[in-house]
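Student: Its first residue numbered 1256, the sequence shown is counted upward by one per residue in this note's numbering.
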Amino acid sequence: PAWMRWYRPRNEARFERFAREIFGEQDGAVGIDRLEAWFRQIGAPVTLEEGGMPRDGIPALAANAFGLARMWGLDGLYPESVIAEILETA
1256 PAWMRWYRPR NEARFERFAR EIFGEQDGAV GIDRLEAWFR QIGAPVTLEE GGMPRDGIPA
1316 LAANAFGLAR MWGLDGLYPE SVIAEILETA
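Written as structure tokens, this is what we have:
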């Protein structure tokens, strides 16, 4: 959900479609909220903290994710600072 909230303004139509087709909602933000609620309902962690990742591990996680983004040619969209920003909201 953290990535979805970060990316939604960049492609609102994609998230409106997601909300409509999965949850019968029109608003992309509501669809993301409903997905997060469903994750919680089934007992899945929604935040890094809930998954056991301490906040001080975010820089290493962001560096690792950036290496993958670079390998996949996505480093322009996802510089390490942006990845860290997304992870901080997770």
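Every residue, glycine too, gets a C-beta built ideally from N, C-alpha and C.
For clarity, every value in this text was computed on a predicted model and none was experimentally measured.
Does the region 1302-1321 come within contact of the region 1265-1283, defined as at least 3 CB pairs closer than 8 Å?
Tutor: No, the region 1302-1321 is not in contact with the region 1265-1283.
Student: Output needed for Ala1339: all residues of its chain with C-beta closer than 8 Å, excluding positions within five of it in sequence on either side, in chain order.
Tutor: Excluding positions up to five away in sequence, the list reads Ile1313, Pro1314, Ala1317.
Student: Kindly indicate the opening and closing residues of the alpha helix (DSSP H) around Ile1287.
Tutor: From DSSP, the alpha helix (DSSP H) with Ile1287 extends over 1283-1296.
Student: State the DSSP-derived secondary structure class of Tyr1333, mapped to helix, strand or coil.
Tutor: In this structure, Tyr1333 counts as coil in the three-state DSSP scheme.
Student: Given this structure, state the Cα-to-Cα distance separating Thr1344 from Arg1295, to the nearest angstrom.
Tutor: Looking at the two C-alpha atoms, the distance is approximately 17 Å.
Student: Going straight from the alpha carbon of Arg1260 to that of Ile1287, what length do you get?
Tutor: Cα to Cα, Arg1260 sits roughly 7 Å from Ile1287.
Student: Once DSSP output is grouped into helix, strand and coil, what is the label at Thr1344?
Tutor: In the structure shown, Thr1344 sits in a helix (DSSP, three-state: H, G or I).
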